[in-house]
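Engineer: Protein chains in written order, with our numbering: chain A, 696 to 975; chain B, 1276 to 1600. Positions of the beta carbon are idealized from the N, C-alpha and C atoms, including for glycine.
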Amino acid sequence: MKASRTKERVTWIIISVLVLLYALFPVVSIMATSFKLPSELTSGKFLPSSWTGSNYEQILVGSAQDLFLSSLRNSIGIALIATFIAVVLATLCAYAIARLDFPGKKVILTTALAVSIFPVISIVTPLFNLWRNIGLYDTWPGLIIPYLSLTLPISIWTLAAFFRQIPWELEQAAQVDGATTWQAFRKAIVPLAAPGVFTTAIIAFFIAWNDFVYGISLTSTEAARPVPAALAFFTGASQFESPVGAISAAAIIVTIPIVLLVLLFQRQIVSGLTQGAVKG
Amino acid sequence: MSTTTETPTLPSGQAGRTGRRRAIQQFSERAKAERRLGWWLAGPAFVIMLAVTAYPILQALYDSLFSYRLTAPDERTFIGLGNYGVVLTDVVWWRDLGVTLLITVVTVVVELILGFALALVMHKALKSVRGWLRTAILVPYGIITVVSAFAWFYMFDINSGFVNTWFNWVPGIDPDLNWFAGTWTSLAVIMASEIWKTTPFISLLLLAGLAQVPDELTEAAEVDGASWWQRMRRVILPNMKAAIMVAVLFRALDAFRIFDNVFIMTNGAFNTEVLSLLAYRTSIGRLEIGLGSAVSVLLFACVLLICFIAIKLFKVDLASQRGDK
């Protein structure tokens, strides 16, 4: 009995290590690259032999800071605004779907589904042309608007799934107990709905943060270019220097906040992702 | 949506015999008000979704009928389906379609197997380990696709990589192997990064599906002496069919749109171009709006076709799967 338990334990440790290796290896690899000196980039080794912060210096305070910091600002601003608008609209929409009886619910959910499988690149060409004509090319709104096509559908699905599970009778119960409509909503419903809204916001933010197609097609300068697109435009400190170290450092900087979010909210993210998709 | 949520506000019990008519009238007025409110709340999201997708695709459909280059805007002329003729008779379109389909099929199959294995591991894992595994698995999901592309690119790159040194002993790999100078080696790395990044999603969907297989069924099968493989094939998989189909269709449509990894790693060189990249190169790169729109519309048609085939073939009712049960 005891032997089999130890054996099971060892098996689980091995499996866990394998899974961890799978999940983290590429991240650790690019992180190791980000600490290499330019002369060491071609060493063919995994770890740097002497660790240096020069790549981080280059993108944060050095020659590449304009390119990187402006794109970081753009990415954070644009993704946050697109997430905010999507979550507000989706909350209203999902509330109506979960709570009210009106024709067209199915149409709305089917539309959201259709939009979420829409090939992004198909609408880039017309938007590129239109944005240039009306002056939205290379601006924040020029990216926020198309980002809604990415963030809105998933927000609606996830929130509708969340809201369906809220026991709305609580609201009535609170009213019976003497609470006003607003109080009943605020004290009974908001605490139950808030985690769902929050989770949806994280997932929507991931999606906006991850975008590359819109970012590279609809911007041309530092005025609106987000991080993923900027990474593709990085060059070395000089023409003859490879940008590998700088790109790796930038990649690590934009990855850390996401990894932290994942670590802090993994339970919510998992339930949000799968509820919208399978259970409902 | 089959199970419309109960609306406790409706005065269903009040319709007594005497005031029945009034109650019905009241009911219909309330129902009307509810409908109005419903559309007021849901309308903005609905309209915006349509505005950011339906309008551009219609515009693309219109633009695709013209010979139209941004470099020569005055020479815009109506040529009907001419652009489609140009695209469909060009060997590049068919080559890119082939590459895209290859990537889609290979990545989805590998992801399904790998994702299922991961889901099984998480399903069986002890409570204390499960949380850790799930967190670890979510890391690739959260990472930007472009970052994942760079990470894999630098690992294999002939200059900055270490894979050649590490796997020197494997026949066919030596320090001079340039992974990104050949079609198959480049595609292998592109697919690896795609698989790494998206398997977590599929495994979480499958895990949710696994959780829905009633334990009694598997236990009963075990008592009856079914082997692990028999339980898997006869009990677990059939009960997860819906979850598997949804996961496959969503991943397939997603993989069909692949762009980021290819752009970063090869930019389409050595016959690794995919359809999204072709559309991008035509309209944004060469400013051929007419031709680019035609490619975009055709790409959209491909996605619709895949959807249609999947729904017909597997009888997946997406809306009911993703929404209600």
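In three-state DSSP terms, what is residue 1341/B?
Structural biologist: Strand.
Engineer: So which residues of chain B does residue 890/A contact, with C-beta pairs closer than 9 Å?
Structural biologist: The contacting residues do not exist; residue 890/A stays about 17 Å from chain B at best.
Engineer: So is residue 832/A in contact with chain B if we call contact Cβ pairs under 8 Å?
Structural biologist: It does not; no Cβ of chain B falls within 8 Å.
Engineer: Could you compute how far the alpha carbon of residue 816/A sits from the alpha carbon of residue 1557/B?
Structural biologist: Computed Cα separation, rounded: 11 Å.
Engineer: At 8 Å on the CB atoms, spell out the chain B contacts of residue 961/A, in chain order.
Structural biologist: 1406, 1409, 1410 and 1413, listed in chain order.
Engineer: Can you tell me where the alpha helix (DSSP H) holding residue 752/A begins and where it ends?
Structural biologist: Here the alpha helix (DSSP H) through residue 752/A covers 749 to 755.
Engineer: Locate the alpha helix (DSSP H) running through residue 1371/B, then write down its first and last residues.
Structural biologist: Segment 1366 to 1399, the alpha helix (DSSP H) holding residue 1371/B.
Engineer: Any beta-carbon of chain A closer than 8 Å to the one on residue 1319/B?
Structural biologist: Closer than 8 Å: yes.
Engineer: Taking 8 Å as the cut-off, decide whether the C-beta atoms of residue 925/A and residue 766/A are in contact.
Structural biologist: The answer is yes: Cβ separation under 8 Å.
Engineer: Measure the C-alpha to C-alpha separation of residue 955/A and residue 797/A and round it to an integer number of angstroms.
Structural biologist: If you take the alpha carbons of residue 955/A and residue 797/A, they lie about 41 Å apart.
Engineer: Are the Cβ atoms of residue 847/A and residue 1470/B separated by less than 8 Å?
Structural biologist: No. Outside cutoff.
Engineer: Looking at chain A, is there any beta carbon in it that lies within less than 8 Å of the beta carbon of residue 1331/B?
Structural biologist: It does: the Cβ of residue 1331/B has a partner Cβ on chain A nearer than 8 Å.
Engineer: Could you round the C-beta distance between residue 977/A and residue 853/A to whole angstroms and report it? I think they count as a contact, below 8 Å.
Structural biologist: Here chain A covers residues 696 to 975 and nothing more, so residue 977/A does not appear.
Engineer: Could you check the C-alpha separation between residue 707/A and residue 880/A for me, to the nearest Å?
Structural biologist: Taking the straight line joining both Cα atoms gives about 46 Å.
Engineer: Helix, strand or coil: which one does DSSP assign to residue 1348/B?
Structural biologist: Note: residue 1348/B maps to strand in three-state DSSP.
Engineer: For a cutoff of 8 Å on Cβ pairs, would you count residue 1313/B as touching chain A?
Structural biologist: Chain A contact via Cβ: present.
Engineer: Where does residue 813/A fall in DSSP's three states?
Structural biologist: DSSP places residue 813/A in coil when its eight states are reduced to three.
Engineer: Provide the residue(s) that pair with residue 960/A in DSSP beta bridges, ordered along the chain.
Structural biologist: In DSSP, residue 960/A forms no bridge with anything.
Engineer: When you compare only the Cα positions, how much space is there between residue 1304/B and residue 788/A?
Structural biologist: Each residue's alpha carbon lies about 22 Å from the other.
Engineer: Could you tell me which whole alpha helix (DSSP H) segments of length 4 or greater appear in the segment 1473 to 1523 of chain B?
Structural biologist: Correct list: 1490 to 1498.
Engineer: For residue 1567/B, tell me which candidate among 1325/B, 1551/B and 1588/B has the shortest Cα-Cα distance.
Structural biologist: Selected option, being the one with the closest Cα: 1551/B.
Engineer: Going by the beta-carbon positions, is the gap between residue 838/A and residue 781/A smaller than 8 Å?
Structural biologist: Against a cut-off of 8 Å, the Cβ pair of residue 781/A and residue 838/A comes out as no contact.
Engineer: Label residue 1523/B either buried or exposed according to how many other C-beta atoms from any shown protein chain fall within 10 Å of its C-beta, with 16 as the threshold for buried.
Structural biologist: Classification for residue 1523/B: buried.
Engineer: Secondary structure at residue 1353/B, three-state DSSP: helix, strand or coil?
Structural biologist: Residue state, collapsed to three classes: strand.
Engineer: In this structure, does DSSP put residue 1587/B in helix, strand or coil?
Structural biologist: Reduced to three states, the DSSP call for residue 1587/B is helix.
Engineer: Hey, how far is the Cα of residue 1282/B from the Cα of residue 803/A?
Structural biologist: Any reading at residue 1282/B must be qualified, since the residue scores a pLDDT of 41, below 50, and its modelled position is unreliable; the value itself is stated next. Going from the Cα of residue 1282/B to the Cα of residue 803/A covers about 19 Å.
Engineer: Roughly how many angstroms lie between the CA atoms of residue 1616/B and residue 898/A, to the nearest whole one?
Structural biologist: Any answer about residue 1616/B is impossible in this case: the structure gives chain B only from 1276 up to 1600.
Engineer: Are the C-beta atoms of residue 1419/B and some chain A residue less than 8 Å apart?
Structural biologist: Closer than 8 Å to some Cβ of chain A, the Cβ of residue 1419/B qualifies, so yes.
Engineer: Within the same chain, show all residues whose beta-carbon is closer than 7 Å to that of residue 1526/B, passing over the 5 residues directly before and after it, in chain order.
Structural biologist: Once the five neighbours on either side are set aside, the close Cβ partners of residue 1526/B are 1383, 1386, 1473 and 1477.
Engineer: Helix or strand or just coil, what does DSSP make of residue 796/A?
Structural biologist: Three-state DSSP puts residue 796/A in coil, outside helix and strand.
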